[in-house]
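Per the working numbering, the sequence shown starts with residue 233, numbered consecutively. From the three backbone atoms N, C-alpha and C, an ideal C-beta is built for every residue, glycine too. On a predicted model such as this, the values are computed, not experimentally measured, just so you know.
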Amino acid sequence: MRVITSIEDASSMEGEEIGLSEWVIIDQTRIDQFAEATADYQWIHVDTDRAAKEMPDGKTIAHGYLTLSLIPGMSNSFLQFENLARAINFGANKVRFYTPVPVGARVRGRATILQARRRAGALLLSSEVKIEVEGERKPACVAEILGMYFFKE
Numbered sequence: 233m234r235v236i237t238s239i240e241d242a243s244s245m246e247g248e249e250i251g252l253s254e255w256v257i258i259d260q261t262r263i264d265q266f267a268e269a270t271a272d273y274q275w276i277h278v279d280t281d282r283a284a285k286e287m288p289d290g291k292t293i294a295h296g297y298l299t300l301s302l303i304p305g306m307s308n309s310f311l312q313f314e315n316l317a318r319a320i321n322f323g324a325n326k327v328r329f330y331t332p333v334p335v336g337a338r339v340r341g342r343a344t345i346l347q348a349r350r351r352a353g354a355l356l357l358s359s360e361v362k363i364e365v366e367g368e369r370k371p372a373c374v375a376e377i378l379g380m381y382f383f384k385e
């Protein structure tokens, strides 16, 4: 577990891999719940019968944005902020989806701090996060994630 208590702590970690999460299983229930939450019912995600006939491996695949949405929870398993008043998602500079995540696959997150800067009295943290799929050479997702972290005074 890496701990950040200040902007200086984060700055000292620039360029370092800061963590690797535990594996997370992507089951059909998770995929269906994401479809329900986002109203994205494209058949490649939710129609198991059709996927069995028409998809290359005969399985549904997770939404790309479901894969992306796992990043905060995965990051919490290896990165902790102390003395924090609040944190805000600030966005993403770049997101790419390289490998589909078939139902039943296990994924994990791997993060590297790219840049840590003071902005508006807070830490603006840029991190590259790769979502790896067990047994696959290419990651499912690579994203440059931005977060604003406001420390207590």
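Note to self: So if DSSP puts Met380 in a beta bridge, which residue, or which two residues, is it bridged to?
What the structure shows: Ile320, Leu356
Note to self: Suppose you measure from the CA of Leu252 to the CA of Glu314; what does that come to, to the nearest Å?
What the structure shows: 20 Å
Next item on the list: Sort Glu366, Val335, Ile345, Arg351 by Cα distance to Ser358 and report the nearest one.
Entry: Ile345
Next item on the list: Mind the definition here: the stretch 270-278 touches the stretch 356-374 only if three or more C-beta pairs lie below 8 Å; say whether that holds.
Entry: no
Item checked: Continuous alpha helix (DSSP H) assignments of at least 4 residues falling wholly in the stretch 234-322 -> 239-243, 260-270, 275-278, 280-286, 296-301, 303-308
Checklist line | Arg369 (DSSP reduced to helix, strand or coil) | finding: coil
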